[in-house]
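Participant: Before I ask anything, let me first share the structure, which is written out below as structure tokens.
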Amino acid sequence: MKAILMTEAGGVDVLQLRDIPTPQIKSPTEVIVELKAAGVNPIDTKIRKRGSFYPEFSSPVLGCDGAGIVVEVGDGVTRFRKGDEVYFCAGGLGKPETGNYAQYTVVEEDYVAKKPQSLSFAEAACAPLVLITAWEAMCDRISLGADDKILIHGGAGGVGHVAIQLAKLRGAEVATTVSNPDKERLVRKLGADYPILYKQKDFINAIMDWTKGKGVDAAFDTVGGKTFFDTCQAVKVYGDIVTILEPDCHSSSLKTARNRNLRISLELMLTPALMNLQEGLKHQRKILEQCAVWFDEGKLTIHLEHTFPLESASVAHQMIESGSTTGKIALTI
Numbered sequence: 001m002k003a004i005l006m007t008e009a010g011g012v013d014v015l016q017l018r019d020i021p022t023p024q025i026k027s028p029t030e031v032i033v034e035l036k037a038a039g040v041n042p043i044d045t046k047i048r049k050r051g052s053f054y055p056e057f058s059s060p061v062l063g064c065d066g067a068g069i070v071v072e073v074g075d076g077v078t079r080f081r082k083g084d085e086v087y088f089c090a091g092g093l094g095k096p097e098t099g100n101y102a103q104y105t106v107v108e109e110d111y112v113a114k115k116p117q118s119l120s121f122a123e124a125a126c127a128p129l130v131l132i133t134a135w136e137a138m139c140d141r142i143s144l145g146a147d148d149k150i151l152i153h154g155g156a157g158g159v160g161h162v163a164i165q166l167a168k169l170r171g172a173e174v175a176t177t178v179s180n181p182d183k184e185r186l187v188r189k190l191g192a193d194y195p196i197l198y199k200q201k202d203f204i205n206a207i208m209d210w211t212k213g214k215g216v217d218a219a220f221d222t223v224g225g226k227t228f229f230d231t232c233q234a235v236k237v238y239g240d241i242v243t244i245l246e247p248d249c250h251s252s253s254l255k256t257a258r259n260r261n262l263r264i265s266l267e268l269m270l271t272p273a274l275m276n277l278q279e280g281l282k283h284q285r286k287i288l289e290q291c292a293v294w295f296d297e298g299k300l301t302i303h304l305e306h307t308f309p310l311e312s313a314s315v316a317h318q319m320i321e322s323g324s325t326t327g328k329i330a331l332t333i
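According to full-length UniProt numbering, the residues represented by the sequence shown are 1 to 333, in order.
In structure tokens form, the structure reads like this:
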């Protein structure tokens, strides 16, 4: 089969289109998926630059997100049959015979969900990682509730644009930071109540005005760095802040967070995969099953900004690393 291999850690030139053996079922509960599309995520570019999570294995296939058609099932598979259209977040971290920048992949059935009928394969392939990340951050970490006010950073980004929609489905009021008027229009369309053009307006002052000096009930940081520490000033006393980046506590202080008695949560949706936590992986699949219902009911949408053919994976990586993308990018296979 054709696949994009990461021949070594480095720049985009290490992504090479090669012929490799088609993966085979080794467990009775595995399915083989003929991939029609793969999502491209920032984690893919980070692995490419620094090396995979499993350096003992060489030339991995990247890509955590995939969508395609089940073409073979193990003897113990009960949830799928040949011909089923599926989507999932599995593999792509460096283990052999995993990854979705390829024509085929093998996945445990417990990690796979039926593809939303209303989405194309490319749209579906873009969705799993960001859906799981946003869900775990806002529903599992901070238990966002009806009438809560939340600040979501980077609302036009991959995680941010689905986070807005999930927050609205929970009945919350949403403020979000964006960089330009085009992104402002997008987040308003997705349901954001208060877009903040952060290049024109200090988001802390904007939030304090919006909340009459109280601060938001919760904040979801998808940007990291100084933004995380500044956001602590915009969260109410005894409020919540969750981030998908590791705070650099050597460069900034958590004094504001401590004084305001904030509850800080860290979100890494890859933890179940990296630690082989079966219940965590099943929980993530259930998230995708519920979101599939909402997609088909018109309550969720995925903003697919660009698609590239498989052989142009390096171009997709360059676009993500530019830091200016809106929504999601997919490779079509």
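Virtual Cβ for every residue (Gly too), placed ideally from N, Cα, C.
Based on Cα-Cα distance, which residue from Leu93, Glu305, Val162 lies nearest to Ile287?
Facilitator: Among Leu93, Glu305, Val162, the Cα nearest to that of Ile287 is on Val162.
Participant: State the Cα-Cα distance for the pair Trp210 and Val235, rounded to the nearest angstrom.
Facilitator: Cα-Cα distance, rounded: 12 Å.
Participant: With a threshold of 8 Å, are at least 3 pairs of Cβ atoms found where one atom belongs to the region 275 to 294 and the other to the region 58 to 66?
Facilitator: With a cut-off of 8 Å, the region 58 to 66 and the region 275 to 294 do not count as touching, because too few Cβ pairs lie within range.
Participant: Under the rule that 16 or more other beta-carbon atoms within 10 Å means buried, what is Glu8, buried or exposed?
Facilitator: Per the 10 Å Cβ criterion, exposed.
Participant: Near Tyr111, what residues of its chain come up, given a Cβ to Cβ distance below 6 Å and the 5 sequence neighbours on each side ignored?
Facilitator: If we look at Tyr111 and ignore the five residues flanking it on each side, its Cβ neighbours are Phe88, Ala90, Leu281, Arg285.
Participant: At the level of alpha carbons, what is the spacing between Phe80 and Gly74?
Facilitator: Between Phe80 and Gly74, the C-alpha separation is close to 10 Å.
Participant: Do Glu30 and Val130 have their beta-carbon atoms positioned less than 9 Å apart in this structure?
Facilitator: No, Cβ-Cβ distance for Val130 and Glu30 is not below 9 Å.
Participant: CB-CB under 6 Å to Leu186, same chain, minus the five flanking residues each way: which ones, in chain order?
Facilitator: Contacts found: Ala156.
Participant: Would you mind working out which of Gly83, Val77, Ser118, Glu56 sits nearest Ile69, comparing C-alpha positions?
Facilitator: Nearest of Gly83, Val77, Ser118, Glu56 to Ile69, Cα basis: Gly83.
Participant: Hey, could you find the ends of the beta strand (DSSP E) Cys89 is sitting in?
Facilitator: 85 to 89 is the span of the beta strand (DSSP E), which, as asked, contains Cys89.
Participant: If we count the other Cβ atoms within 10 Å of its Cβ and call it buried at 16 or more, is Gly171 buried or exposed?
Facilitator: Looking at its Cβ environment, which holds fewer than 16 other Cβ atoms inside 10 Å, Gly171 is exposed.
Participant: In whole angstroms, what separates the C-alpha of Ala167 from that of Ser265?
Facilitator: Computed Cα separation, rounded: 17 Å.
Participant: Whole alpha helix (DSSP H) runs in the region 22 to 84 with 4 or more residues, listed along the chain?
Facilitator: Segments of the alpha helix (DSSP H) lying fully in the region 22 to 84: 42 to 50.
Participant: With DSSP collapsed to three states, give me the class of Lys183.
Facilitator: Looking at Lys183 - three-state DSSP - the assignment turns out to be helix.
Participant: Under 9 Å between the Cβ atoms of Gly158 and Ile152?
Facilitator: Their beta carbons are not under 9 Å apart, which means Gly158 does not touch Ile152 by this criterion.
Participant: Does DSSP classify Lys95 as helix, strand or coil?
Facilitator: Lys95 falls in the coil class under three-state DSSP.
Participant: Report the rounded CA-to-CA distance for Asn180 versus Leu197, giving the unit in angstroms.
Facilitator: Going from the Cα of Asn180 to the Cα of Leu197 covers about 6 Å.
Participant: Have a look at Leu270, Lys149, Cys232, Lys36 and flag the residue whose alpha-carbon is nearest the alpha-carbon of Cys126.
Facilitator: Among Leu270, Lys149, Cys232, Lys36, the Cα nearest to that of Cys126 is on Lys36.
Participant: If you follow the alpha helix (DSSP H) that Leu288 is part of, which residue opens it and which one closes it?
Facilitator: Where Leu288 is concerned, the enclosing alpha helix (DSSP H) stretches over 278 to 296.
Participant: Between which two residues does the beta strand (DSSP E) carrying Val178 extend?
Facilitator: Unbroken beta strand (DSSP E) run through Val178: 173 to 178.
Participant: Just to check my reading of the structure: Glu137 and Val242 have Cβ atoms closer than 8 Å, yes? What is that Cβ distance to the nearest angstrom?
Facilitator: In the sequence as presented, Glu is not what sits at residue 137; that position holds Ala. Their Cβ separation, rounded to whole angstroms, is 5 Å, which keeps Ala137 and Val242 in contact under 8 Å.
Participant: Within the same chain, show all residues whose beta-carbon is closer than 7 Å to that of Asp193, passing over the 5 residues directly before and after it, in chain order.
Facilitator: Result list for Asp193: Glu173, Val174, Ala175, in chain order.
Participant: For Arg141, does the count of other Cβ atoms within 10 angstroms reach 16, so buried, or fall short, so exposed?
Facilitator: Arg141 should be labelled buried.
Participant: For Thr78, is the classification buried or exposed, using 16 other Cβ atoms within 10 angstroms of its Cβ as the cut-off for buried?
Facilitator: Looking at its Cβ environment, which holds fewer than 16 other Cβ atoms inside 10 Å, Thr78 is exposed.
Participant: Starting from the C-beta of Leu190, find all residues in its chain whose C-beta is less than 7 Å away, skip the five residues before and the five after it, and write them out in chain order.
Facilitator: Taken in chain order, the residues that qualify are His161, Ile164, Gln165.
Participant: How long is the line joining the alpha carbons of Gly145 and Gly239, rounded to whole angstroms?
Facilitator: Roughly 13 Å separates the two Cα atoms.
Participant: So for Met208, helix, strand or coil by DSSP?
Facilitator: Of the three classes helix, strand and coil, the one that applies to Met208 here is helix, per DSSP.
Participant: For Val106, which three-state DSSP category applies?
Facilitator: Val106: strand per DSSP, three-state reduction.
Participant: Let me know the alpha helix (DSSP H) ranges lying completely inside the region 245 to 272, each 4 residues or longer, listed in chain order.
Facilitator: Within the region 245 to 272, the complete alpha helix (DSSP H) runs of at least 4 residues are 255 to 259.
Participant: Please work out which residues of its chain come closer than 7 Å, Cβ to Cβ, to Lys95, disregarding the five sequence neighbours upstream and downstream, and give them in chain order.
Facilitator: Counting only Cβ-Cβ distances below 7 Å, and skipping sequence neighbours, we find Tyr54, Phe57.
Participant: Since Ala313 and Leu15 are thought to touch, with beta carbons under 8 Å apart, how far apart are those beta carbons, to the nearest angstrom?
Facilitator: Yes, they are in contact, since the Cβ atoms of Ala313 and Leu15 sit about 5 Å apart, within 8 Å.
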